[in-house]
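Novice: In our numbering, the protein residues as written are 73 to 445. So that we are looking at the same thing, I have put the structure below in structure tokens.
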């Protein structure tokens, strides 16, 4: 079916500055000498300090008709505006801090700038604060910041094979625009493209797509449908007291920690949510193809589908394949992280970020919320 492009009309309101001038009086005869000009008084113009981040509409002008996403558009609702789009930051991961009712969004930036963490009040949809992220004092974190999740005591941000840790209380107490320095990191056996937390387990998974986004060949597995999977989500049981890896569990000298569980995943997964007996995958690739929200039953109560040897450990593996799949929903292009808040799946998009907005078929500058069927 041929797609029809349409324009989104945006109303603009201009401000007119009126400048007054005084003309010389008319009259004949000798004129009086001109009065001395009053000295010009220059008034200082006080400028408001420039904010690190704003929460503004992106200025979307064009979307393409995509019949395949009609169900999503009918049932999903626009939620909070995605912050930092006007600052050219690209949103990636989304998490939730229940005790504050905060949505957390991670963004990467170009030109060596530090990645960002923005905080949104989930009740009002308004931006609470924004932070630049640092690996250590004076060393900006410039990673992709692909995933973010909150466990009992910590916030975890994933990329580049690691899940970086911040104490939740550090984030809660930080003033707006304070620089946040990671307080630890968990080296994983995945690319760490996204992360999620549920039932005491930190999940860290990876995006796989051809030669552009390769994964370890040790992750290549044939699922129960006879199809090859190339990606893992590794699950790590956290210590219930420290909310970190148990003592002795971390890999030596930066080596990856051995996971307690492995989910074998299809390609192109951008985010994962583990909630109430099911697992939801956000799957997307490309600016013009519809995304998918794929709902699987939670398989961990079953006997492992397979095991793999990592070092001296045998780790159980479960496939997310046709035998666990319950439903697949088409969504607009470029879905990223997902998180469930009060029974609604919150879906983040990167399509309205500056690098993609004019070339994406259906850019969205809001987080969308959806009650899954």
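For every residue, glycine included, the Cβ atom is placed at its ideal position computed from N, Cα and C. Computed from a prediction, not measured in an experiment: that's the story for all the values here.
Between residue 194 and residue 252, what straight-line distance do the alpha-carbon atoms span, to the nearest angstrom?
Specialist: Position 122 of the chain shown, counted from the first residue, corresponds to residue 194. Position 180 of the chain shown, counted from the first residue, corresponds to residue 252. The straight-line gap from Cα to Cα measures roughly 21 Å.
Novice: Identify, in the order they occur along the chain, each residue of the same chain with its Cβ nearer than 7 Å to the Cβ of residue 108, setting aside the five sequence neighbours on each side.
Specialist: The count along the chain shown starts at 1 and reaches residue 108 at position 36. The pLDDT assigned to residue 108 is 45, lower than 50, so where the model puts this residue is not dependable, and the model offers no usable value.
Novice: Throw me the rounded Cβ distance for the residue 254 and residue 180 pair, which I believe falls under 8 Å.
Specialist: Indexing the chain shown from 1 puts residue 254 at position 182. Indexing the chain shown from 1 puts residue 180 at position 108. Not quite, the Cβ-Cβ distance comes to about 15 Å (not below 8 Å), so this is no contact.
Novice: Using a threshold of 7 Å, is the CB atom of residue 382 nearer than that to any non-hydrogen atom of the ligand GTP?
Specialist: For the ligand GTP, the structure offers nothing, since it holds no ligand at all.
Novice: Mark residue 168 as exposed unless 16 or more other C-beta atoms lie within 10 angstroms of its C-beta, in which case mark it buried.
Specialist: Position 96 of the chain shown, counted from the start, is the residue given in the question as residue 168. Its Cβ being crowded by 16 or more others within 10 Å, residue 168 is buried.
Novice: Can you give the Cα-Cα distance for residue 161 and residue 286, rounded to whole angstroms?
Specialist: Sequence index remark: in the chain shown, residue 161 carries index 89 (1-based). Sequence index remark: in the chain shown, residue 286 carries index 214 (1-based). Their backbone Cα atoms lie some 25 Å apart in a straight line.
Novice: Does the Cβ-Cβ distance between residue 296 and residue 377 come in under 8 Å?
Specialist: Here residue 296 refers to the residue found at position 224 when the chain shown is read from its first residue. Here residue 377 refers to the residue found at position 305 when the chain shown is read from its first residue. Yes; because the gap between Cβ atoms is below 8 Å, this pair is in contact.
Novice: According to the neighbour-count rule (16 or more other Cβ atoms, all chains shown, within 10 Å of its Cβ), is residue 283 buried or exposed?
Specialist: As a working note, residue 283 is residue 211 in the chain shown. Label assigned to residue 283: exposed.
Novice: Verify the CB distance criterion: does residue 257 have a CB-CB separation below 8 Å to chain D?
Specialist: Reference to chain D is not applicable here, since this structure consists of a single protein chain.
Novice: Just to confirm my understanding: we take residue 246, look at its own chain, exclude 5 residues before and 5 after, and list those with CB closer than 8 Å. What are they?
Specialist: Numbered from its first residue, the chain shown carries residue 246 at position 174. Closer than 8 Å at Cβ, skipping near neighbours: 201, 203 and 252.
Novice: So is residue 304 buried or exposed if we call it buried at 16+ other beta carbons inside 10 Å?
Specialist: Numbered from 1 along the chain shown, position 232 holds the residue referred to as residue 304. Flag for residue 304 reads buried.
Novice: Quick check: what's the CA-CA separation for residue 413 versus residue 325?
Specialist: Walking along the chain shown from the start, residue 413 turns up at place 341. Walking along the chain shown from the start, residue 325 turns up at place 253. Approximately 37 Å, taken between the alpha carbons.
Novice: Express the C-alpha separation of residue 348 and residue 271 in angstroms, rounding to a whole number.
Specialist: One-based indexing of the chain shown puts residue 271 at position 199. One-based indexing of the chain shown puts residue 348 at position 276. For residue 271 and residue 348, the distance between alpha carbons rounds to 10 Å.
Novice: Alpha carbon to alpha carbon, how far is residue 421 from residue 129? Give it in angstroms, no decimals.
Specialist: For the purposes of this step, residue 129 is taken as the residue at position 57 of the chain shown. For the purposes of this step, residue 421 is taken as the residue at position 349 of the chain shown. Spanning the two alpha carbons is a distance of roughly 14 Å.
Novice: Just mark residue 320 as buried or exposed, buried being the case when its beta carbon has 16 or more other beta carbons within 10 Å.
Specialist: By 1-based counting over the chain shown, the position of residue 320 is 248. Answer is exposed; the Cβ neighbour count stays below 16.
Novice: Would you call the CB atoms of residue 437 and residue 132 closer than 8 Å?
Specialist: As a first step, residue 437 is located in the chain shown; it is residue number 365 there, counting from the start. As a first step, residue 132 is located in the chain shown; it is residue number 60 there, counting from the start. In contact: residue 437 and residue 132 (Cβ atoms closer than 8 Å).
Novice: So for residue 399, helix, strand or coil by DSSP?
Specialist: Counted from its first residue, the chain shown places residue 399 at position 327. It is a strand residue.
Novice: Measuring alpha carbon to alpha carbon, tell me which of 380, 432 and 356 ends up nearest residue 293.
Specialist: In the chain shown, the residue the question calls residue 293 occupies position 221. Measuring from the Cα of residue 293, the nearest candidate turns out to be 380.
Novice: So, helix, strand or coil for residue 312, using DSSP?
Specialist: Numbered from its first residue, the chain shown carries residue 312 at position 240. The answer is coil: DSSP assigns residue 312 none of H, G, I, E or B.
Novice: Would you decide whether residue 335 is buried or exposed? Buried here means 16 or more other CB atoms lie within 10 Å of its CB.
Specialist: To locate residue 335, count along the chain shown from 1; it is residue 263. Looking at its Cβ environment, which holds 16 or more other Cβ atoms inside 10 Å, residue 335 is buried.
Novice: Assuming residue 408 is part of the beta strand (DSSP E), what are its boundary residues?
Specialist: Along the chain shown, one-based indexing puts residue 408 at 336. 407–413 is the extent of the beta strand (DSSP E) around residue 408.
Novice: Quick one: Cα of residue 256 to Cα of residue 229, how far?
Specialist: Within the chain shown, residue 256 is the residue found at index 184, counting from 1. Within the chain shown, residue 229 is the residue found at index 157, counting from 1. Near 11 Å, if we compare the C-alpha coordinates of residue 229 and residue 256.
Novice: Determine, using beta carbons only, whether residue 415 and residue 166 come nearer to each other than 8 Å.
Specialist: Numbered from its first residue, the chain shown carries residue 415 at position 343. Numbered from its first residue, the chain shown carries residue 166 at position 94. Contact flag unset, no.
Novice: Scan the region 153–196 and note each continuous beta strand (DSSP E) run of 3 residues or more that stays entirely inside, going in chain order.
Specialist: Listed in chain order, the complete beta strand (DSSP E) runs (minimum 3 residues) inside the region 153–196 are 162–169, 174–180 and 188–193.
Novice: Would you kindly report the start and end of the unbroken beta strand (DSSP E) that includes residue 242?
Specialist: One-based indexing of the chain shown puts residue 242 at position 170. No beta strand (DSSP E) contains residue 242, which is instead part of the alpha helix (DSSP H) from 240–245.
Novice: Rounded to whole angstroms, how far is the Cβ of residue 344 from the Cβ of residue 279, which I believe are closer than 8 Å?
Specialist: Against the chain shown, residue 344 aligns to sequence position 272. Against the chain shown, residue 279 aligns to sequence position 207. Their Cβ separation, rounded to whole angstroms, is 11 Å, which puts residue 344 and residue 279 out of contact at 8 Å.
Novice: Helix, strand or coil, according to DSSP, for residue 260 in the structure here?
Specialist: For this step, residue 260 is matched to residue 188 along the chain shown. Coil at residue 260, not helix or strand.
Novice: In angstroms with no decimal places, state the Cα-to-Cα distance between residue 196 and residue 244.
Specialist: Working through the chain shown from its first residue, we reach residue 196 at position 124. Working through the chain shown from its first residue, we reach residue 244 at position 172. Each residue's alpha carbon lies about 18 Å from the other.
Novice: Please check the pair residue 70 and residue 307, which I expect to be a contact at CB under 8 Å, by giving their CB distance rounded to whole angstroms.
Specialist: Outside the modelled stretch of the chain, which goes from 73 to 445, sits residue 70, for which no answer is possible.
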